[in-house]
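Student:
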Ligand SMILES: [Mn+2]
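Numbering (my numbering), first residue to last: 70 to 266.
(1) Do residue 139 and residue 103 have their CB atoms nearer than 8 Å?
(2) Which residues count as close to ligand 3 when the rule is a CB under 7 Å from any of its heavy atoms, in chain order?
(3) What does DSSP give as the partner residue(s) for residue 126 in the beta ladder?
(4) To the nearest angstrom, report how far apart residue 141 and residue 179 are at their CA atoms.
(5) Measure the Cβ-Cβ separation of residue 105 and residue 197 and say whether it is below 8 Å.
(6) Looking only at its chain, what residues have a beta carbon closer than 6 Å to the beta carbon of residue 215, apart from the 5 residues adjacent to it on each side?
(7) Going straight from the alpha carbon of residue 128 to that of residue 210, what length do you get?
Encoded structure:
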């Protein structure tokens, strides 16, 4: 069964449509008005091997917070929808990802319970015009909507560009592992409760 989902969400602040194929090859189609986020969403898709199509617009005349946070929410909704009852998946995944001087760590548990721990040690100086504090808002929206525990930490590093990019790569690879099927328990929902919701 194909693990695909499409979610559209329109508010007075943003208008976002995301199409996701969890078992993809990293194909991306983005119509997204923030350059640095285009770079990050491309990276996420490539490292997670998720096919991703995103059309988004929003009230950037206010600032970038609404659009970036809402993108995380809609992407998280797509993961929840595409994973369904989560039968047969590994459920947990992790990745240490080095990017030159930076070392990022991501750990995820698709538990049905939303929790984010985020420690990226960013300077909060914008990258070009990108408001880097919205990266935490993206992952908060994502973990809330997907219903998963996600720990994202920068263990060391200097460049904010590297720190954010390494986090997206680590998160993508941890998620990919957690979403992948476990051939030894394809018929089982990976919880002693018998359900993950
Ligand atoms: Mn880069």
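We put the CB at the ideal spot given by N, CA and C, even for glycine.
Tutor: According to the structure shown:
(1) no
(2) The ligand content of the structure shown is limited to ligand 1, which means ligand 3 is not among them.
(3) 84
(4) 16 Å
(5) yes
(6) 145, 148, 149
(7) 17 Å
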